[in-house]
Amino acid sequence: MSSRWINQQHQKKLGTHSAFKESLADIELRREQTIEYAEYFKNYELSLAKHQYEIEMNILQDEYESEKHSLHDMVLQAIDERRKMIKEDKEDVDIDDLFHDAYKRVSQNKRNLRKRNLERYASPSRLERRRPNRIQTLYNIHAPPNASEEDELEADFLNMKVSKWSMLTATYGFYINLG
0 MSSRWINQQH
10 QKKLGTHSAF
20 KESLADIELR
30 REQTIEYAEY
40 FKNYELSLAK
50 HQYEIEMNIL
60 QDEYESEKHS
70 LHDMVLQAID
80 ERRKMIKEDK
90 EDVDIDDLFH
100 DAYKRVSQNK
110 RNLRKRNLER
120 YASPSRLERR
130 RPNRIQTLYN
140 IHAPPNASEE
150 DELEADFLNM
160 KVSKWSMLTA
170 TYGFYINLG
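Here's what the structure looks like:
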């Protein structure tokens, strides 16, 4: 082995060999270019995003303004319709009817006082004198019942019979057939 070759190997290990320095310089140049291109690309992407954001904001702003104007127009249209209705109502209203309606409203809202029972404030001796005599009609128990009374008596009898047997079955737990 020659000393020259050993010297080159030693310089390669130390990083001072000319071929090593050239390849290292090429790699560093490519790295710098890659970083520069990456920064250009980043700036391009940011400007593109800003541009898209501005476009979308302009679109949204235009939509907002158009909706605002349409709502404003709708409100104005509703107000105009109300004005027309009020004007028509005003032309149709008769003064006599107006006062008549107002009086009706006032009289309806007025509180009606109860008619007070004078018997409550009278003395007991006067109350006894004022009390009307009751007319009593005696019921003839010997007369035959009419059709409605007979139906009512029959229904009452059946209800008593059913309730008696339902009470017995509930109490003793069995069913008696009397039919």
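Numbering (numbering that gives the first Met the number 0), first residue to last: 0 to 178.
All C-beta atoms in this analysis are idealised placements derived from N, C-alpha and C, irrespective of residue type, glycine included.
Since the structure is predicted, the reported quantities are computational estimates derived from the model, not experimental observations.
Cα-Cα separation between residue i and residue j, rounded to whole angstroms
| i | j | result |
| --- | --- | --- |
| K89 | H71 | 27 Å |
| K20 | Y36 | 24 Å |
| S69 | K83 | 21 Å |
| W4 | H16 | 12 Å |
| Y63 | M73 | 15 Å |
| N57 | E87 | 45 Å |
| D61 | H50 | 17 Å |
| L75 | S65 | 15 Å |
| E53 | E38 | 22 Å |
| T33 | A18 | 23 Å |
| K163 | E149 | 21 Å |
| N42 | Q8 | 45 Å |
| S147 | I140 | 16 Å |
| E179 | L28 | No information on residue 179 is available, as it lies outside the stretch 0 to 178 that the chain covers here. |
| D25 | L59 | 51 Å |
| S22 | R30 | 12 Å |
| I78 | I85 | 10 Å |
| T168 | A142 | 38 Å |
Distance cut-off 7 Å: residue i Cβ against heavy atoms of the ligand FAD
| i | result |
| --- | --- |
| E27 | With respect to the ligand FAD, the structure shown offers nothing to examine, as it has no ligands at all. |
Beta-carbon proximity check, residue i vs residue j, cutoff 8 Å
| i | j | result |
| --- | --- | --- |
| P144 | L152 | yes |
Cβ-based burial, residue i [other Cβ within 10 Å; buried from 16]
| i | result |
| --- | --- |
| S165 | exposed |
| K160 | exposed |
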